[in-house]
Structures are given as C-alpha cells and as structure tokens.
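Just so you know, the protein sequences line up as chains A and B, in that order. The first sequence begins at 1 in UniProt numbering and counts up one residue at a time. The second sequence begins at 1 in UniProt numbering and counts up one residue at a time. Ideal placement from N, C-alpha and C gives every residue a C-beta, glycine not left out. Since we're looking at a predicted model, the values are computed, not measured.
Number of protein chains: 2
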Amino acid sequence: MTATASQTSPRKRAGNGAARRIDADEIGLDALIGHAGYAVRRFQIWIFQDFIKTLGDVDIRPTQYSVLTVIGANPGLSQMAVAKRLGIERARLVHLLDSLEQRRLVKRIKSKTDRRSHAMHLTTQGETALAKFKRLAAEHERHVEARIGKANRERLLQILADFT
Amino acid sequence: MTATASQTSPRKRAGNGAARRIDADEIGLDALIGHAGYAVRRFQIWIFQDFIKTLGDVDIRPTQYSVLTVIGANPGLSQMAVAKRLGIERARLVHLLDSLEQRRLVKRIKSKTDRRSHAMHLTTQGETALAKFKRLAAEHERHVEARIGKANRERLLQILADFT
DNA sequence: GGACAATTGTTGTCGTCAACAACAATCTTT
DNA sequence: AAAGATTGTTGTTGACGACAACAATTGTCC
Chain A
1 MTATASQTSP
11 RKRAGNGAAR
21 RIDADEIGLD
31 ALIGHAGYAV
41 RRFQIWIFQD
51 FIKTLGDVDI
61 RPTQYSVLTV
71 IGANPGLSQM
81 AVAKRLGIER
91 ARLVHLLDSL
101 EQRRLVKRIK
111 SKTDRRSHAM
121 HLTTQGETAL
131 AKFKRLAAEH
141 ERHVEARIGK
151 ANRERLLQIL
161 ADFT
Chain B
1 MTATASQTSP
11 RKRAGNGAAR
21 RIDADEIGLD
31 ALIGHAGYAV
41 RRFQIWIFQD
51 FIKTLGDVDI
61 RPTQYSVLTV
71 IGANPGLSQM
81 AVAKRLGIER
91 ARLVHLLDSL
101 EQRRLVKRIK
111 SKTDRRSHAM
121 HLTTQGETAL
131 AKFKRLAAEH
141 ERHVEARIGK
151 ANRERLLQIL
161 ADFT
C-alpha cells in the first residue's frame, strides 16, 4: 500500500458484522476533509434548498431566476447568448423558456436581422414579477449571510468571482 | 416599480427584434453578481468536471469517491449511517452500493446484532483501489489550488468547514 | 453567385441526482 | 403482545448536464 496521499488507519472496531452504536457525527470523513469539492457540494445543496424554500411561494427555482435576471438586464438577447452567458446548454434553455413563456413572464420575439434567432424579452408582467423575485432572493441572501457570516460571504464572492 | 433590491436599468438597446452583435462576455449579470449561490453553482460545476476528468481512467465520480472514503475510514458502518453522514438519501445509496459491489470494491455483510442492517466494508481490492483514487483525487485538488490560489482554497475550506 | 461550412433553435435520449412514497423485515417501546 | 420506529429496497417524479441529430438560416470562400 504505497503511502502517497492521506493514510488513515481504520478507526475503532474494524471487525465485522457486529458493532456498537455510532453517534453519526463521530464518523470520520478522512480524505474528504481536504477536498474543496465536497464542501462546496454540501454548501451548494444547502444554499439551493434555502433559495427554493424562500422563493417557494412564487415557485421560482435558481436557474429560472438566473435566466429572468439576465434577460431583464439585457433585453433582446438571443437564446444562444443567454445560454452561453449562464453556462446553460441551449437545449436545456429551450424547456426553461417554454415554461417561463407559458407563465407569461418572458416572450420570444422573432429577430428580423437574423431569422434563425429569437430576441428574448420580459413581459410587463414579467418585469413586476422579477422585482418581487429579487426582493425574495435578497432575503435568501441574508439567510446565507446569517449562516456563514457577513465577512465570509463577501470573501467567498470574491474568491469565486471569475467563475461567474 | 418599488425599488427595494438592486434596481438596474436595462442596458443599451432595449429595443426589440433587431440588435447588434453582443460580445457574449459584456452581458451584465445584474443581481446575480451578489448571489453566493450563483457563484457556488458555477464553481461546483467546474470542480466536478475536473474531478470526473481527473478520475476518468478509473471511472470514479465524486459521490462514489465520498462513499468509498467514508467506508474505508469507518468499516462496519450501516448504509443508514453512511447516508446520513454524507447527506445522501438512503434510497440513492442503494444504487451506489449496488454498483460499487458489482465492481468488487465494497461488500455488504449482514449484521448479526441488527438483522435489518448491513455492515459496509471495503474488499481488499477496494482498499488498494481507494489508495489509487486518493492519489488521483489529490491531483485534482492541486488543479483546484492552481485555479483559485492556495490561500483562497484554504480560506474556502475554512469558511465551509461546518457544512461537511 | 453558388457550394459548403457554421450557427440557431428544437427535439430527443441518456445518466446523475434530490425528493418522496410505499413496502417487508426487523428492532424498540410500552 | 401490540403499536410504533428503523433499515434496506423498489419505484416514481422532476431538475439538470451532456450529447446527438435535424431543419432553417446565415456566413464564408472560391
């Protein structure tokens, strides 16, 4: 067993079948402790759950919110442009927009300069709705701040700034 | 339009259909900039892709790695204990273990003290395999460090420590 | 100007993953 | 012993990322 990375001796009771009750939080994570990806994944799950819960009344999920926000700030974008900017596949964006268009929050307008593409716009209803979504999202963000601390949240945003 | 959260005037060319070419990275994210969840999501996608690529030869995904690591460090755990510790649903863990057991990395041993549960163990083969996975995972972690910087990575781990 | 390559939106498939619900077998409680 | 809780399992649903193929349209190159 070539000892290269984190060698960890199996903890207490490496026996078999039988075992004493384990207090669930005294279970060692071993090498996982040093992996940013693991921590990030757990945090992301928490943060999405809070977002979904906080925006539960208006039934808006994180991805939908990101699409609405970008369209709201950049009216006339093509689907391709939105997809690229948000790192969403254009195939997936189609369904997202279908849903948002059915809810009368967004409309696809056929572009006259490029008849392949659509120009994305918020409806009037979509704009007032987005304003409300933004208030709720800000509330969610305060939950995040309360959870990890104001300074930590800002440092986090700073560290991950160039992934956005 | 009650100005509560981030009011942002639609950028250039709020017109309709026709529009000039947009350079794709000059598209404003508006309120998204201030949301930790968005940055975390984008980062998590990047980090998982790198993990999957780096461990591509051995065909191990992040979740599988986390399961193997925890079982390796805590032999004899029940499926329930593993699931709870990793925040995985026990229903999902069943399939994960089915796969890992078929690959002879893990074995379920019927517990004698509680005949409902199984005691999870790595096979001998599983232990040597895990050692290799850990080396590759460490390599992946160096990619992360190279991407966001050594100090930032450590700060990140520290900030998110209690989500693990 | 006309053939060929690239782009846009769309449809469809596949695999991962979280969230539930239901169930049989087995403890635990009272 | 009866009622309730827990464990592993199966199945369903929906969000999501990754691909592949396609028609319509645009762009390029000779």
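Residues bridged to residue i (per DSSP)
i, result
"A:K107", "A:H121"
"A:L77", "A:M120"
Chain B residues whose Cβ lies nearer than 9 Å to that of residue i
i, result
"A:R104", "Those within 9 Å of A:R104 in chain B number zero; the least Cβ separation is about 17 Å."
"A:L93", "By Cβ distance, chain B contributes nothing, its closest Cβ being about 14 Å from A:L93, past 9 Å."
Chain B contact for residue i (CB, 9 Å cutoff)
i, result
"A:K53", "no"
"A:E101", "no"
"A:A129", "no"
"A:F163", "yes"
"A:G126", "no"
"A:A146", "no"
"A:M1", "With a pLDDT of 41 at A:M1, under the threshold of 50, the predicted position of this residue should be treated as unreliable, and no value is reported."
Chain-order list of residues whose beta-carbon lies under 7 Å from that of residue i (same chain, five-residue window excluded)
i, result
"A:R85", "V70"
"A:I109", "H118, A119 and H121"
"A:A83", "E89, R90 and L93"
"B:R61", "I52"
"B:T47", "It is worth fixing the name first, because residue 47 of chain B is Ile in this sequence and not Thr. Same-chain partners within the cutoff: V144."
"B:R142", "none"
Min CB distance residue i to chain A below 9 Å
i, result
"B:V58", "no"
"residue 169 of chain B", "The structure shown does not extend to residue 169 of chain B, since chain B is modelled only from 1 to 164, so the question has no answer here."
"B:G87", "yes"
"B:R155", "yes"
"B:N152", "yes"
Closer than 7 Å at the beta carbon, the chain B residues around residue i
i, result
"A:V40", "V40, F43, Q44, I47 and L160"
Outcome for residue i when other beta-carbon atoms lying within 10 angstroms are tallied against a minimum of 16
i, result
"B:Q79", "buried"
"A:A31", "buried"
"B:A58", "Ala is not the amino acid found at residue 58 of chain B; the sequence shown has Val there. Counting Cβ neighbours within 10 Å, B:V58 comes out exposed, since fewer than 16 surround it."
"A:I148", "buried"
"B:Q158", "exposed"
"B:Q102", "exposed"
"A:R116", "exposed"
"B:Q49", "exposed"
"B:A151", "exposed"
"A:A39", "buried"
"B:S161", "Looking at the sequence shown, residue 161 of chain B is not Ser but Ala. Burial call: exposed."
"A:A81", "buried"
Near the ligand FAD: residue i beta-carbon under 8 Å from a heavy atom
i, result
"B:A73", "The model on display carries no ligand, and the ligand FAD is accordingly not part of it."
Neighbourhood of residue i by C-beta distance below 8 Å, restricted to the same chain and skipping five residues each side
i, result
"A:G72", "L122, G126, E127 and L130"
"A:L96", "T63, Q64, V67 and I88"
"B:L55", "R61, Y65, F133, L136, A137 and H140"
"B:L156", "I148"
"A:D114", "S78"
"B:I27", "none"
Interface residues of chain A facing residue i [CB-CB closer than 8 Å]
i, result
"B:T69", "L29, D30, A31 and L32"
Neighbour list for residue i in chain A, Cβ cutoff strictly below 7 Å
i, result
"B:H35", "A137 and E141"
Neighbourhood of residue i by C-beta, 6 Å cutoff - its chain only, sequence neighbours within 5 removed
i, result
"B:K107", "H121 and T123"
"B:A36", "none"
"A:R104", "T123 and Q125"
"B:L77", "M120"
"B:P75", "H121"
"A:S99", "none"
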